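Number of protein chains: 2
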Amino acid sequence: MNADADPLLSHQHALQVLRDALERRLGELLPAGCESDVVARAMREATLAPGKRIRPLLMLLAASDLGASDRDPALLDLACTVEIIHAASLILDDIPCMDDAKLRRGRPTLHRQFGESVAILAAVALLSRAYAVAAEAPGLPGEQRAAAVTTLARAVGLQGLVQGQFLDVSEGSGARSVEAILATNELKTSVLFGATLELAALAADADARATEALSNFAQELGQAFQLIDDLADGVSGTGKDTHQDVGKSTLVATLGESAVRERLSEHLARADAHLAAACPEGEHTRHFVAAWFTQQLDLIG
Amino acid sequence: MNADADPLLSHQHALQVLRDALERRLGELLPAGCESDVVARAMREATLAPGKRIRPLLMLLAASDLGASDRDPALLDLACTVEIIHAASLILDDIPCMDDAKLRRGRPTLHRQFGESVAILAAVALLSRAYAVAAEAPGLPGEQRAAAVTTLARAVGLQGLVQGQFLDVSEGSGARSVEAILATNELKTSVLFGATLELAALAADADARATEALSNFAQELGQAFQLIDDLADGVSGTGKDTHQDVGKSTLVATLGESAVRERLSEHLARADAHLAAACPEGEHTRHFVAAWFTQQLDLIG
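Chains as they are written, first to last, in the numbering used here: chain A, 1 to 301; chain B, 1001 to 1301.
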């Protein structure tokens, strides 16, 4: 029994070490400022509120599976940039003119804590901070730091999160085709996963074949995440508004739950195959992804 | 007469050539996309609507005065980044939870044309585009491209435009000290001028002394611009809402118009001295600044 249990315990312990390093570094990168610095407090609240840290953990694990050290300071900072960008995107997702959400990560949404103007300014400041952190990632050559900025900016901009948010807001209440829903999911989720894995490859100096396989992995993973999110809507305990998707055409509403569960399995199987191709010698990312989805499916029941 | 008139005409012609190059390049950097791409259209409208292009022209002229070629493609792209960031900041300045402005550059503000969610997303996408353009500036070494991103991100973020906008919104309706008004003006205007001139120095590979003098020039110029803006409030024909500042404590309201005009002269004199120190051999920027303020003061009457 012990021989089987040890690798799992050791995996859990290693994850906790990475989580602690991420929390510490995020706290350093977003200085507290003085009490009157309301935007700084809002930036910290949005980013440091307890979160799953999926994207930065994925980056650290994938880079480690590719042979990089997960203690590399540049890698840690790049991991923080995707978490900061994710936090900014959640702020904007929640504001009154978008989803007008009340709860996020178990707390009142940022605009309900700080007001709408501070929430928007905090999102803009977080995005700027993420680009600056990438541009200054310690120890990376300038060429790679500039490339990291480009990768992040593409994931955020007109062909990424911004377009996904626009499609979500503008088409959310009408009937949508399965293809339209998949396209929105791709922009809202897969694109930032794509950037996350691209930066893992960049930090690990991966070859073109591994980078391509990671990109395919990110596509499948992003779709799987969006499906889990859709399946979880209506389940309490997620820390978000329940039934936020009522009136939106999601894949669950369009295809039914069992078809969505089947698609989810397919995405996960393909994700796993791409990941195995990208990192034939590292298993951290595969364990992490498998454990995470198993846990989420248990929560949904 | 001709001997005196020629340099002026030649200066005007050179400016028009630079303006044309800027308009063309801005149009290329913000692709039109298809008709249904509403965010792309909003990004173009916000940036390409006729504007004074002060910041990018300053960058081109200052870099040229420092010995760089104003035809350098990297310099042109960096000049576009500050205009794109300026356009994004105006969008956010105008939205309902900030100034709730109706007119900008003689047209309905962006949120009145496209709705609030598209306006906010267009601002975010424009900022991302600016960072990507800087990160990819053609022909510059990676180190300098990364440094350009850092310069821009600092000007936008918590110590720049974001903080200026926050102070403007949160303190605008209460009585403020002269020092508080100057601090807000510094963040709302001088910081982006500072980044503009820093990028001019970077593109021209200027020495530390010239870079420092340009930074001092930017400080003085930013304050002068904010004073002209305050003096112009209430004057129609600026393309913006008139009397937008009613109820805000501006320097004009606090110190009176003649004291503000005196301060303006002092800022301009100091700006000119710093500029002469930075570029002892080039006069394009000095001519441009002098002509611009003369014209603005004529408009105000």
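All residues carry an ideal CB built from backbone N, CA and C; glycine is no exception. Keep in mind that this is a model prediction, so the values were computed, not measured.
Strand pairing of residue i, partner residues [DSSP]
| i | result |
| --- | --- |
| ARG104 of chain A | A:ARG107 |
Proximal residues of chain A, C-beta to C-beta of residue i below 7 Å
| i | result |
| --- | --- |
| GLN1163 of chain B | VAL39 |
| LEU1121 of chain B | VAL162, GLN165 and PHE166 |
| ALA1180 of chain B | Going along chain A, no residue has its Cβ under 7 Å from ALA1180 of chain B, so there is no contact; the nearest lies around 12 Å. |
Alpha-carbon spacing of residue i relative to residue j, whole angstroms
| i | j | result |
| --- | --- | --- |
| ILE84 of chain A | ALA1180 of chain B | 30 Å |
| ARG1263 of chain B | PRO96 of chain A | 42 Å |
| ALA40 of chain A | GLY33 of chain A | 6 Å |
| ASP1207 of chain B | GLU1220 of chain B | 20 Å |
| VAL252 of chain A | VAL260 of chain A | 6 Å |
| ALA1195 of chain B | HIS86 of chain A | 27 Å |
| ARG55 of chain A | ARG154 of chain A | 16 Å |
| ASP4 of chain A | ASP230 of chain A | Unreliable placement is indicated for ASP4 of chain A, whose pLDDT of 49 sits below 50; the coordinate value is still reported in the next sentence. Approximately 34 Å between the Cα atoms of the pair. |
| THR1120 of chain B | ALA1203 of chain B | It is Ile, not Thr, that sits at residue 1120 of chain B in the sequence shown. One C-alpha to the other measures close to 31 Å. |
| THR1250 of chain B | GLY1222 of chain B | 15 Å |
| ASP65 of chain A | ALA232 of chain A | 30 Å |
| ALA1021 of chain B | LEU1090 of chain B | 22 Å |
| MET1 of chain A | LEU127 of chain A | Any answer about MET1 of chain A is weak, because its pLDDT of 41 lies below 50 and its placement is not dependable; what the coordinates show is given next. C-alpha separation (whole angstroms): 47 Å. |
| LEU1199 of chain B | LEU1167 of chain B | 26 Å |
| THR17 of chain A | LEU57 of chain A | Checking the sequence, you will find Val at residue 17 of chain A rather than Thr. If I take the Cα positions, the gap works out to 11 Å. |
| ALA990 of chain B | GLU1171 of chain B | The structure shown does not extend to residue 990 of chain B, since chain B is modelled only from 1001 through 1301, so no value can be given for it. |
| THR254 of chain A | SER177 of chain A | 8 Å |
| HIS274 of chain A | GLY67 of chain A | 17 Å |
| ASP298 of chain A | ALA1201 of chain B | 58 Å |
| LEU92 of chain A | LYS1102 of chain B | 23 Å |
| ASP1094 of chain B | GLU1257 of chain B | 25 Å |
| SER215 of chain A | GLN144 of chain A | 18 Å |
C-beta neighbour in chain A for residue i, strict 9 Å
| i | result |
| --- | --- |
| PHE1293 of chain B | no |
| VAL1260 of chain B | no |
| PRO1141 of chain B | yes |
| LEU1092 of chain B | yes |
| GLY1194 of chain B | no |
| VAL1169 of chain B | yes |
| MET1059 of chain B | no |
Residues that residue i contacts on chain B, provided the C-beta gap is smaller than 8 Å
| i | result |
| --- | --- |
| VAL156 of chain A | VAL1124, ALA1125 and SER1128 |
| CYS97 of chain A | GLY1115, GLU1116, SER1117 and ILE1120 |
| ALA153 of chain A | SER1128, ARG1129, TYR1131, ALA1132 and ALA1135 |
Within chain A, the residues that residue i reaches when beta carbons sit closer than 9 Å
| i | result |
| --- | --- |
| LEU1026 of chain B | The premise fails here: LEU1026 of chain B is roughly 15 Å from chain A at the closest Cβ pair, so nothing lies under 9 Å. |
CB contact check: residue i to chain B, cutoff 9 Å
| i | result |
| --- | --- |
| LEU76 of chain A | no |
| GLY33 of chain A | yes |
| HIS13 of chain A | no |
| VAL17 of chain A | no |
| GLY282 of chain A | no |
Where residue i meets chain B, residues with beta-carbon distance less than 7 Å
| i | result |
| --- | --- |
| GLU23 of chain A | Correct list: empty, because the minimum Cβ distance to chain B is about 20 Å. |
Contact list for residue i against chain A, beta-carbon separation under 8 Å
| i | result |
| --- | --- |
| GLU1136 of chain B | ALA146 and THR150 |
Residue i Cβ short of 8 Å to the ligand SAH heavy atom set
| i | result |
| --- | --- |
| ARG176 of chain A | This structure does not include the ligand SAH; it has no bound ligands of any sort. |
Meets three-Cβ-pair contact criterion under 8 Å: the segment 260–272 of chain A and the segment 33–49 of chain A: no
contact_flag[the segment 184–203 of chain A, the segment 1187–1203 of chain B] where n(CB pairs < 8 Å) is 3 or more: no
For the segment 1159–1169 of chain B and the segment 1072–1083 of chain B, state whether three or more C-beta atom pairs, one from each stretch, are separated by less than 8 Å. no
The segment 1008–1015 of chain B touching the segment 126–141 of chain A, judged by at least three CB pairs closer than 8 Å: These segments do not touch.
Below 8 Å, how does it come out for the segment 19–34 of chain A and the segment 104–121 of chain A: are there three or more Cβ pairs, yes or no? no
Within 8 Å, do at least three Cβ pairs link the segment 136–149 of chain A to the segment 1111–1124 of chain B? Contact between the segment 1111–1124 of chain B and the segment 136–149 of chain A is absent, because fewer than three Cβ pairs lie under 8 Å.
The segment 1052–1063 of chain B in contact with the segment 1281–1290 of chain B per 3-pair CB rule at 8 Å: With the rule of 3 Cβ pairs closer than 8 Å, the segment 1052–1063 of chain B counts as touching the segment 1281–1290 of chain B.
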